[in-house]
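Below is one structure, written out as structure tokens; the observations come after it.
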Amino acid sequence: MLLLELLDASAACNNQVNYDRRQTLFKTQHDADYRVPVSELKSTVKHAVTQEQYRQQYIQRLSSSTPQQLVQKNWEPWKAYFAVLSKYRDPDNQNVTGQPSPPGYWKENGNRMPRTVIRNDQYTPELGDRSRLEIPVGMELKEKYGLGYHERLRLEVAGHPRWTGKQGRLEIVYDRDTETFTAYRTVGDGDNSPRRRDSIESSLATTGSGEEVVAAVDIGANNLAAVTTSQGDHRLYHGRPAFHTFHTHTKRIAELQSKLGDDDWSSKQIRRVYHKRGEQRNHAMDALIRDLGEWLAELGVTELIVGALSGVREKHWSTTVNEKTHLFWAHGRFRRRLDEVLDFEYGIPVTEKSEAGTSSTCPACESVDVHRCGDLLQCHSCGCEGHSDVAGSANFLRKHASERIAIQTSGSMARPVAARENTTADGHYSQVPCLEWDDSEWTVKHSGLSTKEAPANQSTSSETGNVAPGVSDD
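In terms of my numbering, the sequence shown has 101 at position 101, counting the first letter as 1, and numbering is strictly consecutive.
Okay, structure coming up:
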């Protein structure tokens, strides 16, 4: 109960900060006789609250540092809001056509969402057979629950570390459906601090020569993304392993539903499986977008063209196909995250165009005399063979960028085989990395190759045990 009260008080603090900023925004817009510039509006809203103001108000429940962290955390979505607002007001920018809404509150179904943010030097994980996590608590809650003046709240935790590095900010969230507390910890690389979202400069999306580089991505359900750049680089994200995990949870949900009574439609256990299924899917897709953003930035891509969703989500006779296209794919969320991460963080604008006709043409000779069988595309005119989705992304790029960008089409494309690995085709080894999700990162699964460095020892202790960033019982 102490942890729940702490998280609820943190949510109350965040919501109050957000309320004050929203009211400042509305009042400034309403009282002005002219259209306030976004930069001036942003500064006014940011300085409408001070960390000291909320530290004094919540110090007795949250300790001294937590209110300050909550004020900083609250400003992060506001920065994104003003970035989108600037594009909305720009008459030359056609990517944002609807007026953005200011950030909302930590609320769900009318109730506050219990969560908190702990500064990197204010929590201590103890690793071992029985891992612990200690976090600060205000004096009011200490007295209520019998903690000493110098004591901190000590929690049992479960889970194993996925990353190691310099300790960053900790976030703890409570999920009412699963009745679990989950801790998220950011880590830095070696001696470097964790990278903040606003520390990534848009200058990454440039080339040394200053030439414009455009990329196109073909988004799908079997292969989540196939990408081609105007410099002739390709990348493929294989989605079937991730869908297999998703489908396993779906079968478990159906099994649990079959055991419900006639008057019941759900249960706590079913909601837990739903939650786990969605979280694992979102984790894989978020990691894909992050990996894609880093790759495009390294290549100096200045624009990403993505296909418009049109007529691809119609009902199918196969329940598995329907599950894949309507539940697992989550195209709307995927597109929103593309805009948020690539545009806001990497400075790579995302433009939506029609994909009509791009999947039935040879990318080498542009002939329509092609045959598709699963992931394989074969051209009867020139004999070219390659991955159908990679070919589609190349055709998609040529269709919308050829008038202003020189498209390089030399080099072979990934040719799918039974093992779903890149392979030698017609004497030419494919240079297209085909990445698969391993529940942690997107990596190449063949020939000992990987798009990332070999993972470091994922344990932060010499002992085999649990680590703080996981799920704990209250």
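C-beta atoms are modelled at their ideal positions from N, C-alpha and C, and glycine is treated no differently.
Closest to residue i by C-alpha separation, out of the options, would be which residue?
{"i": "residue 225", "options": "153, 330, 7", "result": "330"}
{"i": "residue 249", "options": "1, 298, 269", "result": "269"}
{"i": "residue 111", "options": "148, 146, 131, 9", "result": "9"}
{"i": "residue 105", "options": "23, 126, 118", "result": "23"}
{"i": "residue 151", "options": "96, 134, 352, 144", "result": "134"}
{"i": "residue 334", "options": "371, 387, 219, 379", "result": "219"}
{"i": "residue 12", "options": "54, 26, 46, 434", "result": "54"}
{"i": "residue 51", "options": "43, 36, 235, 69", "result": "69"}
{"i": "residue 95", "options": "46, 355, 339", "result": "339"}
{"i": "residue 118", "options": "184, 295, 232", "result": "184"}
{"i": "residue 79", "options": "40, 92, 93, 188", "result": "40"}
{"i": "residue 1", "options": "43, 373, 144, 25", "result": "144"}
{"i": "residue 123", "options": "308, 295, 28, 153", "result": "153"}
{"i": "residue 308", "options": "279, 351, 300", "result": "351"}
{"i": "residue 273", "options": "383, 256, 132", "result": "256"}
{"i": "residue 47", "options": "128, 92, 71", "result": "71"}
{"i": "residue 295", "options": "146, 126, 27, 235", "result": "235"}
{"i": "residue 131", "options": "159, 283, 383", "result": "159"}
{"i": "residue 75", "options": "142, 129, 44", "result": "44"}
Taking the continuous alpha helix (DSSP H) assigned at residue i, which residues delimit it?
{"i": "residue 399", "result": "388–401"}
{"i": "residue 41", "result": "38–46"}
{"i": "residue 343", "result": "It is not in any alpha helix (DSSP H) - residue 343 carries neither H nor E in the DSSP assignment."}
{"i": "residue 80", "result": "65–89"}
{"i": "residue 35", "result": "Note, residue 35: premise wrong, no alpha helix (DSSP H); not H, not E."}
{"i": "residue 331", "result": "331–338"}
Who does residue i pair with in a DSSP beta bridge?
{"i": "residue 380", "result": "Residue 380 pairs with nothing; no bridge assigned."}
{"i": "residue 234", "result": "228"}
{"i": "residue 167", "result": "187"}
{"i": "residue 148", "result": "Answer is none; residue 148 lacks a bridge partner."}
{"i": "residue 107", "result": "112"}
{"i": "residue 24", "result": "Paired residues: none, contrary to the question."}
{"i": "residue 385", "result": "378"}
{"i": "residue 373", "result": "376"}
{"i": "residue 435", "result": "237, 444"}
{"i": "residue 218", "result": "226"}
{"i": "residue 352", "result": "306"}
{"i": "residue 135", "result": "153"}
Leaving out five residues before and five after residue i in sequence, what residues of the same chain have Cβ atoms less than 6 Å from its Cβ?
{"i": "residue 49", "result": "17, 20"}
{"i": "residue 86", "result": "38"}
{"i": "residue 216", "result": "228, 305, 393, 396, 397"}
{"i": "residue 293", "result": "341, 342, 346"}
{"i": "residue 400", "result": "305, 353"}
{"i": "residue 77", "result": "103"}
{"i": "residue 214", "result": "230, 303, 401, 405"}
{"i": "residue 424", "result": "Reliability fails at residue 424, whose pLDDT of 35 lies under 50, so the model's placement of it is uncertain and no value is given."}
{"i": "residue 58", "result": "13, 67"}
{"i": "residue 374", "result": "none"}
{"i": "residue 126", "result": "132"}
Return the chain-ordered list of same chain residues with a C-beta closer than 7 Å to the C-beta of residue i, the five sequence neighbours on each side being excluded.
{"i": "residue 328", "result": "221, 243, 246, 281"}
{"i": "residue 368", "result": "360, 361"}
{"i": "residue 381", "result": "362, 365, 367, 369"}
{"i": "residue 81", "result": "100, 102, 103"}
{"i": "residue 7", "result": "114, 115, 116, 172, 174"}
{"i": "residue 299", "result": "213, 229, 231, 233"}
{"i": "residue 491", "result": "Not covered by the structure: residue 491. The range shown for the chain is 1 to 474."}
{"i": "residue 163", "result": "187"}
Starting from residue i, trace the beta strand (DSSP E) in both directions and tell me its first and last residue.
{"i": "residue 223", "result": "223–229"}
{"i": "residue 288", "result": "It is not in any beta strand (DSSP E) - residue 288 instead sits in the alpha helix (DSSP H) that spans 268–298."}
{"i": "residue 119", "result": "No beta strand (DSSP E) contains residue 119, which DSSP labels as neither H nor E."}
{"i": "residue 155", "result": "153–156"}
{"i": "residue 443", "result": "442–444"}
{"i": "residue 307", "result": "301–307"}
{"i": "residue 59", "result": "Careful: residue 59 lies outside any beta strand (DSSP E), inside the alpha helix (DSSP H) at 51–62."}
Apart from the five residues just before and just after residue i, which ones in its own chain have a Cβ nearer than 8 Å to its Cβ?
{"i": "residue 15", "result": "105, 106, 107, 112"}
{"i": "residue 337", "result": "285, 286, 289"}
{"i": "residue 277", "result": "246, 249, 250, 253"}
{"i": "residue 301", "result": "205, 213, 214, 215, 229, 348"}
Requested in this report: Please confirm if the stretch 62–79 is in contact with the stretch 132–150, defined as three or more CB-CB distances below 8 Å between the two stretches.
Outcome: Result yes; three or more Cβ-Cβ pairs closer than 8 Å.
Report task. Taking 8 Å as the threshold, find out whether the stretch 355–365 comes into contact with the stretch 176–186 through three or more Cβ pairs. Result -> Per the Cβ contact rule, the stretch 355–365 is not in contact with the stretch 176–186 (fewer than 3 Cβ pairs under 8 Å).
Query raised in the report: With a cut-off of 8 Å, do at least 3 Cβ pairs link the stretch 339–354 to the stretch 379–393?
Result: No, the stretch 339–354 does not touch the stretch 379–393.
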